[in-house]
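Okay, structure first, notes after.
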Amino acid sequence: MILLQVNDLAKSFGADVILSNIKLEVKSGDRVAIVGRNGAGKSTLLKIIASKLSYDSGEIIKPKEVSIGYLEQNSGLSSSLTIWDEMELIFSYLKETEQQMRDLEMQMAEVDPSSQQFQSILKKYDQLQHEFSDQGGYQYEADIRSVLHGLGFGSFDYETSISTLSGGQKTRLALAKLLLIKPDLLILDEPTNHLDIETLTWLEQYLQTYHGALLIVSHDRYFLDKVVNLVYELSRTRSKKYHGNYSDYLDQKAADYEKDLKLYEKQQDEVASLKEFIQKNLARASTTKRAQSRRKQLEKMELLDRPQGDEKSAHFSFTIDRPSGNDVLKGEKLAFAYEDLPIFENVSFHVSRGDSIALVGPNGVGKSTLLKTIIKKLSLQTGELEYGKNVSIGYYDQEQANLTSNKRVLNELWDEFPLTSEKDVRTILGNFLFTGDDVLKSVSTLSGGEKARLALSKLMMQKANFLILDEPTNHLDLDSKEVLENALIDYPGTILFVSHDRYFINRIGSKVFELSQNSLTEYLGDYDYFLTKKAEQMELKELENNKAKINTTDKDKSNRSFEEEKELKKQARQRKRRIEEIEQTMEKIEQNINSIETKLHDPNNAQDHELLQQLTEENNDLNSQLLNLLEEWETLVEE
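Numbering of the sequence shown is given in numbering that gives the first Met the number 0, commencing with residue 0 and proceeding in unit increments.
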């Protein structure tokens, strides 16, 4: 079923054309990504589809029965309710049904079971019970807990007021609410913002099995590879469709460009050959007819446009003034606390020249704090940091990308490096896509991506031999991330970085440091290697736990006397026989209950009030017996 069709859509802001001739289609089960540069119109297109923004021309077709959920970028949940009450609001229709069932139960208790009124109430109760069960009435509370736990609220008091939460927490709650609503088409604009790696992994797994269709904008390439099966690229105001995940899209795009370029070059050679033949032979009487024929062939030819490659990209590299010694940094038993709240302790590590280390761990464990202690922006509680010979540090903070200066872009860079000529500063800014009048813009008016590029230009100018990077890919579009990755891969110095971008970690990281509250563990490989080793460690731990349980059981057995063993075996045989007896009795009782319920619902018995009352009493008695037997059976099975 087609859930959404976008045909020839166009949108302009003043004289700037943002979207033109956009075509997009989403069917049931599709997982669609929209990719493109910052400013390509991705969020604009989502807002138009979600009816949050108007469009100039074209059409959007959405069947009336299709439900659509939309998570806007950085849009938090605004509510005065508690976390639990807000989530429970989604299922208010189930709570109403549940209350109706309770009311009917009270009515049945007060009405003569043999009366027609009782039968009418019973029939309505059965209907409501089926509806309640089919709509998930017996599991919606478990669903709420599962989604809240998956999105990082497992340790929260669900009675916490939403108004007291941070912006990132409110955004995660908005996502949780949408996932619980389960619309037919779920539209997500940068859903991975504010999520740590553990939560990202949970979200990927959840969306892989989501019952509806997905339409996603995200700069997280690892996430896109795991979740989507269709990609629409927005470039130069137009859209193009690719099948597969993000990596497939990159391969197809490169292959399409090569193919189109070869076709264009082949046609150009053919055109040149035809023109040359016409020029040489048109004037000759013996060959003029052939020349005229070739000219008609050339006129009829549909000329191909030269395929356009990628839009202009930033291009830069990181260099160093001089290399450091082999030992870059050592940390011994480091500890840090905010006031009386311990963040981490007993952290030790060693960084060598040429290392490229990813520092990972859950949100709040102190990754950014550890980086700030290394650059001496924060003071350690205990422990010692030892810096190597000739180490010069260049630091990129995710907060640096949020520059608020009122300076012009040119002066923001030039004031920090006044000995560099204006021409060289302009050239460097041009490498970071600040060209022409862009360098005269006020820094405070720049977009997040532009501020990030300006902060990176400052970092490049430092020529430090030890780069410490805190979330360097935040605010960067997919292309800028790739440029940054290539620059860091070629960098001759040492790198220590924090990132939630697992694709970035895989490309850059040669080691992984996993930080926990009371230790730091080193893994000699990229992110995928780290995941593999973690899985192996968990399996080994589980095996050891099982082995310990078996050993404990064996030890307990060996300590028992022969008589005790004999008595235990006897009790086990008795329990087994009793379980079998209960199961047989329960089966007979269930058969009797089914038989009675058939008679109760038989229209021929509707007027026999004595029979109905007798059957109801028997039914209640049998259900009571069944419940008692079930409790005994569960106890015996647990033993």
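For every residue, glycine included, the Cβ atom is placed at its ideal position computed from N, Cα and C.
The region 225-245 contacting the region 47-64, beta-carbon criterion three pairs below 8 Å: no
A271 in three-state terms, based on DSSP: Three-state DSSP puts A271 in a helix.
Integer Cβ distance of I504 from L466, believed to fall under 8 Å: So it is not a contact: roughly 15 Å between Cβ atoms.
Three-state class that DSSP yields for N325 in the structure shown: Note: N325 maps to coil in three-state DSSP.
Three-way DSSP call (helix, strand, coil) for L303 in this model: Annotated three-state conformation of L303 is coil, per DSSP.
Cβ contact check for the region 29-45 and the region 210-219: 3 or more pairs under 8 Å: yes
C-beta atoms of T170 and G75 nearer than 9 Å: For the 9 Å CB-CB criterion, T170 and G75 form a contact.
Nearest-angstrom Cα separation, counted from Q583 out to E95: Spanning the alpha carbons of E95 and Q583 requires a straight line of approximately 39 Å.
Distance, M585 Cα to A571 Cα: When rounded, the distance between both Cα atoms is 21 Å.
V636, buried or exposed, once every other Cβ within 10 Å from all chains shown has been counted against 16: exposed
Stretch-stretch touch, CB-based, cutoff 8 Å, three pairs: the region 341-352 with the region 511-524: In short, these stretches touch, since the Cβ pair count reaches three.
Test item: CB-CB of E484 and R452 under 9 Å: Remark: C-beta atoms of E484 and R452 do not approach each other more closely than 9 Å.
Beta-carbon proximity check, I488 vs M459, cutoff 9 Å: no
Limits of the unbroken alpha helix (DSSP H) element including H129: Q115 to D133
Nearest-angstrom Cα separation, counted from E298 out to I59: 39 Å
Straight-line Cα distance separating T634 from S355: 56 Å
Alpha-carbon to alpha-carbon, L177 and T372: 39 Å
Continuous beta strand (DSSP E) stretch holding L229: start and end: L229 to S234
Whether Y528 touches I319 by CB criterion (9 Å): no
Status (buried if at least 16 other CB within 10 Å, exposed otherwise) for R501: By the neighbour-count criterion, in which a residue is buried when 16 or more other Cβ atoms sit within 10 angstroms of its Cβ, R501 is buried.
Inside the region 130-211 only - alpha helix (DSSP H) runs reaching at least 4 residues: 139-147, 166-180 and 196-207
Through-space distance from R235 to T286, alpha-carbon basis: 46 Å
Short Cβ contact (9 Å threshold) for E87 with I143: yes
L523 versus K510, K532, A534 and K533, residue with shortest Cα-Cα distance: K510
Cβ distance (whole Å) where D476 is taken to contact G508 below 8 Å: The pair is not a contact, with the Cβ atoms about 21 Å apart (cut-off 8 Å).
Outcome for P190 when other beta-carbon atoms lying within 10 angstroms are tallied against a minimum of 16: buried
Own chain, CB closer than 8 Å to N325, minus 5 neighbours either side, in chain order: S351, R352 and G387
For Y394, the residue or residues it bridges with in DSSP: I467
Member of E617, F512, Q98 and A486 whose CA lies at the smallest distance from the CA of F317: A486
Straight-line Cα distance separating T200 from L333: 29 Å
Sheet register partners of E331 (DSSP bridge): E383
C-alpha distance - T43 paired with A9, whole-angstrom precision: 11 Å
Limits of the unbroken alpha helix (DSSP H) element including T634: H608 to E637
Host alpha helix (DSSP H) of F222 (start-end): R220 to V226
Through-space distance from K440 to G429, alpha-carbon basis: 14 Å
Where E513 sits in the DSSP three-state scheme: strand
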